[in-house]
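This report concerns only the one structure given below.
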Amino acid sequence: MRAGRTSVSVALLGMVISSCSYAHPEVGIWPEESSSDSDGLLLLLPLLALGLAQGSAAIAADEEASCESTYASAIRAEAALVSYWRFEDISDGSAEDELGRNSATITGTPAAVASIACGGQASSHDGSNYWIAPDNDTLDFNFNEDFAIELWASIPSTQLGSGRVIVSKWGAGPGYPFSVRYGAGSGDQIEGLRFDTTNAPQINTGAVADTGFRHLVFQRNSGTLEIYLDGSLVTSTADTTSASTQSAGDLTFAAQTATSAALTAVLDEIAIYNAALSQATISEHYRLGLNL
Numbered sequence: 011m012r013a014g015r016t017s018v019s020v021a022l023l024g025m026v027i028s029s030c031s032y033a034h035p036e037v038g039i040w041p042e043e044s045s046s047d048s049d050g051l052l053l054l055l056p057l058l059a060l061g062l063a064q065g066s067a068a069i070a071a072d073e074e075a076s077c078e079s080t081y082a083s084a085i086r087a088e089a090a091l092v093s094y095w096r097f098e099d100i101s102d103g104s105a106e107d108e109l110g111r112n113s114a115t116i117t118g119t120p121a122a123v124a125s126i127a128c129g130g131q132a133s134s135h136d137g138s139n140y141w142i143a144p145d146n147d148t149l150d151f152n153f154n155e156d157f158a159i160e161l162w163a164s165i166p167s168t169q170l171g172s173g174r175v176i177v178s179k180w181g182a183g184p185g186y187p188f189s190v191r192y193g194a195g196s197g198d199q200i201e202g203l204r205f206d207t208t209n210a211p212q213i214n215t216g217a218v219a220d221t222g223f224r225h226l227v228f229q230r231n232s233g234t235l236e237i238y239l240d241g242s243l244v245t246s247t248a249d250t251t252s253a254s255t256q257s258a259g260d261l262t263f264a265a266q267t268a269t270s271a272a273l274t275a276v277l278d279e280i281a282i283y284n285a286a287l288s289q290a291t292i293s294e295h296y297r298l299g300l301n302l
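Printed below as a string of structure tokens:
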């Protein structure tokens with residue numbers, strides 16, 4: 011893509027040179043004999059500068075589009091992918107699941123902002139709007155089943171309270187397969203947990219700096235719960251659930267219900283898998299999201 015766009019600028023440069031040569035065939039591009047010839051060339055220089063600037067802008071736009079395409083392609087290529095929400099067009103209050111299984115609708119007013127993950131749009135939340143995808147068995151991971159929740163999020167430290175929901179399938183019970191929350195416990199931390207009506211294993215990151223967009227993965231990996239931040243494993247613990255963790259509750263982003271655990275944040279590129287991701291895959295997704 012870079013080479014193709016660079017050729018635009020080169021072509022514009024060639025056009026200017028050609029026009030200069032045509033106008034002054036006897037003396038060449040830099041005629042010394044005529045001041046009017048030099049003046050004519052000077053008039054063409056702004057056009058050359060404009061062409062080069064347009065070419066550079068096109069290169070940057072193509073790199074951003076290519077990055078976005080590469081990241082999304084990497085997510086879609088994962089065989090275990092169950093659902094994937096990119097929030098590219100949410101103006102009508104719906105967030106399409108790219109796999110067509112679990113599209114979500116918003117409660118409140120949709121708000122789109124620029125995303126860090128290779129450009130595009132992200133979903134902005136101020137505590138009054140959140141997404142709901144109806145209950146679906148594809149999201150009901152049982153106590154003995156691996157899964158992964160992956161997303162990008164920018165979460166300010168100032169919240170309406172503790173235990174703010176990022177992504178959750180919790181509500182109707184009896185247990186729940188996963189809930190990812192912010193500000194649970196003490197400090198500004200990210201927490202992952204699940205519940206089988208008796209056991210409620212949970213892990214948290216400890217204090218997380220409010221530094222803008224972060225890449226987050228919460229997963230169950232062969233009986234171990236793990237949290238990754240920005241491509242690196244932060245913490246893990248044993249998954250002690252031993253009975254059903256399935257729930258009839260809806261999947262929600264940025265709140266539990268209209269009156270419960272509402273989050274102030276920007277969320278993007280939410281993906282759910284029915285298997286754990288390898289550390290190498292998580293690191294690669296983080297790298298691709300930043301176009302590194």
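The working numbering numbers the first residue of the sequence shown as 11 and each following residue consecutively.
Beta carbons are placed, not taken as given, at the ideal position from N, Cα and C, and that holds for glycine.
Quiz item: What is the C-beta distance between D240 and P166, in whole angstroms, given that I count them as a contact (C-beta under 8 Å)?
Solution: Not confirmed; about 17 Å, so no contact.
Quiz item: What whole-angstrom Cβ distance do A122 and A143 have, given they're in contact under 8 Å?
Solution: Rounded, the Cβ-Cβ distance is 18 Å, inconsistent with contact.
Quiz item: I282 and I159: beta carbons closer than 8 Å?
Solution: yes
Quiz item: How would you call L170, buried or exposed, if buried means at least 16 neighbouring beta carbons within 10 angstroms?
Solution: exposed
Self-check item: Beta-carbon spacing of T117, V175 below 8 Å
Solution: no
Quiz item: Span of the beta strand (DSSP E) holding E201?
Solution: 200–205
Quiz item: Under a three-way DSSP split, which group does R96 fall into?
Solution: coil
Quiz item: Hey, would you say L243 sits closer than 8 Å to P211, going by beta carbons?
Solution: no
Exercise. Along the alpha helix (DSSP H) that carries Q289, what are the first and last residues, could you check?
Key: 289–299
Exercise. Quick one: using the 10 Å Cβ neighbour count with 16 as the cut-off for buried, is A217 buried or exposed?
Key: exposed
Practice problem: Have a look at D99 and E155 and give me their C-alpha separation to the nearest angstrom. | Solution: 32 Å
Practice problem: Would you tell me roughly how many angstroms separate the C-alpha atoms of T255 and G233, rounded to the nearest one? | Solution: 14 Å
Quiz item: What residue ranges within the stretch 202–285 form continuous beta strand (DSSP E) runs of no fewer than 3 residues, ordered along the chain?
Solution: 212–214, 224–231, 234–239, 242–248, 261–263, 274–283
Exercise. Please determine, among T168, G183, F228, A82, the residue with the shortest C-alpha to C-alpha distance to G137.
Key: T168
Quiz item: How is D150 classed by DSSP in three states: helix, strand or coil?
Solution: coil
Practice problem: Just confirm the distance between the C-beta atoms of D206 and S164, as a whole number of angstroms; I'd bet it's less than 8 Å. | Solution: Not quite, the Cβ-Cβ distance comes to about 32 Å (not below 8 Å), so this is no contact.
Self-check item: Three-state secondary structure assigned by DSSP to A84
Solution: helix
Quiz item: Between S93 and chain D, is there a C-beta pair that is closer than 8 Å?
Solution: This model lacks chain D altogether; it includes just one protein chain.
Self-check item: Separation of I126 from N139, as counted between CA atoms
Solution: 21 Å
Quiz item: Which term fits S288, buried or exposed, when burial requires 16 or more other beta carbons within 10 angstroms of its beta carbon?
Solution: exposed
Self-check item: Identity of the residue in T119, S270, W141, W95 nearest Q131 by Cα
Solution: W95
Quiz item: Taking the DSSP output, what are the residues bridged to T115?
Solution: S104, I142
Quiz prompt | Contacts around D107, its chain only, beta-carbon distance under 8 Å, and the 5 residues preceding and following it disregarded | solution = S93, Y94, W95, S113, A114, A143
Quiz item: So, helix, strand or coil for S133, using DSSP?
Solution: strand
Quiz item: What does I159 pair with, by DSSP beta-bridge criteria?
Solution: F228, I282
Quiz prompt | Local conformation of W40 per DSSP, three classes | solution = With a pLDDT of only 39 at W40, under the threshold of 50, the placement of this residue in the model should not be trusted; the figure read from the coordinates follows. Residue state, collapsed to three classes: coil.
Self-check item: Among S189, S133, D260, T148, the one whose alpha carbon lies nearest that of A5
Solution: A query on residue 5 cannot be resolved here, the shown segment of the chain reaching from 11 to 302 and no further.
Quiz item: If we call anything under 8 Å between Cβ atoms a contact, is R230 one with D249?
Solution: yes
Quiz item: Distance, Cα to Cα, S101 vs R111?
Solution: 20 Å
Quiz item: In chain order, what residues of the same chain lie with their CB nearer than 6 Å to the CB of W180, ignoring the 5 residues before and after it?
Solution: Y186, S189, G259
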